[in-house]
Each structure stands twice: as structure tokens, then as C-alpha cells.
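J.: The structure under discussion is supplied below as C-alpha cells; questions concerning it will follow.
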Amino acid sequence: MCELNEFDRKNIELFDEYREYLQTYAEHGHAFTAIGDEDVYAMFGLWELWPGVGEAWLIPSAKIDRKTIAMHRAALRFFEYAANKMQIKRLQFTVCTLNVRADRWAQRCYFEREGLLRRYGPDGSDYWMYSRMF
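FYI, the numbering for the sequence shown is 1 to 134, going by the numbering used here.
Written as C-alpha cells, this is what we have:
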């Protein structure tokens with residue numbers, strides 16, 4: 001079982017169909033779980049929007065802090081591998097503007113902030129759109 005971080009717990013409470021939304025991503029895209037020492041650190045994957053364009057998603061667990069460096073290095077390798085394997089030219093994802101940590105991480109993974117999605121979140125919060133070209 002994965003202990004979700006506070007941000008994702010709140011999203012589940014705010015977005016009635018959040019579980020179904022995530023399940024669709026997992027069933028129809030490429031989904032993975034980062035596990036170590038009998039703990040789940042993150043669930044992540046890619047969803048192909050159309051040929052050459054993918055959307056990445058990540059749900060970090062509350063325990064991800066224990067493996068921050070390893071997870072970051074693995075994410076960088078994963079993005080390169082997935083882009084090559086799936087022939088992705090553009091990979092994108094959104095980050096809540098209030099999630100400063102995720103915002104910094106996106107930039108450390110060489111994603112560029114493209115613009116503001118106003119009132120995008122299930123609670124009406126603003127989100128950043130990030131992308132990376134391959």
C-alpha cells in the first residue's frame with residue numbers, strides 16, 4: 001500500500017473521480033511503481049496523447065524523501081529512455097503553482113515552463129504547463 005503525500009491526498013478528496021482518472025492513465029498508458037525496502041516511493045508513467053506527444057504523471061509517496069537522489073537520477077534516465085523508445089518529440093506535464101517542490105524538480109529534469117493554466121486544478125488552483133523536447 002502506498003501512503004500518499006498530502007497534496008495527492010487532498011486531490012483525491014477534491015476530485016470525485018480521481019481514482020478512475022489515475023486508473024485510466026495506468027491501464028491505457030505506461031505505468032510503473034518505484035519500490036524498495038518494501039516501500040512504495042512513487043507511481044509514475046506516460047500517456048500518449050497522439051504520436052510523438054506524451055504526458056507524464058507522477059504520484060510521489062510520503063516516503064519519497066528517503067530516496068530523493070536515486071529517484072531523480074532514475075527519472076532523468078526514464079525520460080530519455082521513454083522518449084527514445086516511444087519516439088516522443090514532446091513530453092509534458094502540469095504542476096500546481098502551490099507545489100514549489102514539484103516546480104523545482106520539473107526544472108531540474110530539464111523541463112521548461114510554458115505557461116499558466118488558470119483555475120486548472122480540481123480545487124480551482126492554477127497550474128504550470130511544463131514541456132521538454134527530445
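The C-beta atom is built at its ideal place from N, Cα and C for all residues, glycine as well.
All figures in this text were calculated on a predicted structure; none of them were measured in a lab.
What three-state label does DSSP hand Q107 in the structure shown?
T.: Position 107 of the sequence shown, counting from 1, holds the residue named residue 107. Helix, per DSSP.
J.: Give me the Cα-Cα distance between L14 and D123, rounded to the nearest whole angstrom.
T.: Along the sequence shown, read from residue 1 onward, the residue named residue 14 stands at position 14. Along the sequence shown, read from residue 1 onward, the residue named residue 123 stands at position 123. For L14 and D123, the distance between alpha carbons rounds to 6 Å.
J.: For H72, which residues in the same chain have their Cβ closer than 8 Å to its Cβ, ignoring the five residues on either side in sequence?
T.: The count along the sequence shown starts at 1 and reaches residue 72 at position 72. The answer, listed in chain order, is W105, R108, C109.
J.: Which partner residues does R113 have in the DSSP bridge list?
T.: For the purposes of this step, residue 113 is taken as the residue at position 113 of the sequence shown. According to DSSP, which records beta bridges pairwise, R113 is partnered with Y130.
J.: Below 8 Å, how does it come out for the segment 69-86 and the segment 30-46: are there three or more Cβ pairs, yes or no?
T.: Output reads yes: the segment 30-46 touches the segment 69-86.
J.: Give me the Cα-Cα distance between K67 and Y41, rounded to the nearest whole angstrom.
T.: Along the sequence shown, one-based indexing puts residue 67 at 67. Along the sequence shown, one-based indexing puts residue 41 at 41. If you take the alpha carbons of K67 and Y41, they lie about 8 Å apart.
J.: Quick check on the DSSP output: the beta strand (DSSP E) that includes I59 runs from which residue to which?
T.: As a working note, residue 59 is residue 59 in the sequence shown. 53-60 is the span of the beta strand (DSSP E), which, as asked, contains I59.
J.: On the three-pair Cβ rule with 8 Å, is the segment 7-25 touching the segment 113-133?
T.: Short answer: they touch.
J.: Which residue from D39, E80, E20, V100 puts its Cα closest to that of S61?
T.: For this step, residue 61 is matched to residue 61 along the sequence shown. Considering only alpha carbons, the answer is D39.
J.: Look at the alpha carbon of M86 and the alpha carbon of A75, and state the distance between them as a whole number of angstroms.
T.: For the purposes of this step, residue 86 is taken as the residue at position 86 of the sequence shown. For the purposes of this step, residue 75 is taken as the residue at position 75 of the sequence shown. Approximately 16 Å between the Cα atoms of the pair.
J.: Output yes or no for whether 9 Å exceeds the beta carbon distance between G29 and G52.
T.: Taking the first residue of the sequence shown as position 1, residue 29 is located at position 29. Taking the first residue of the sequence shown as position 1, residue 52 is located at position 52. Cβ distance not < 9 Å, so G29 and G52 don't count as in contact.
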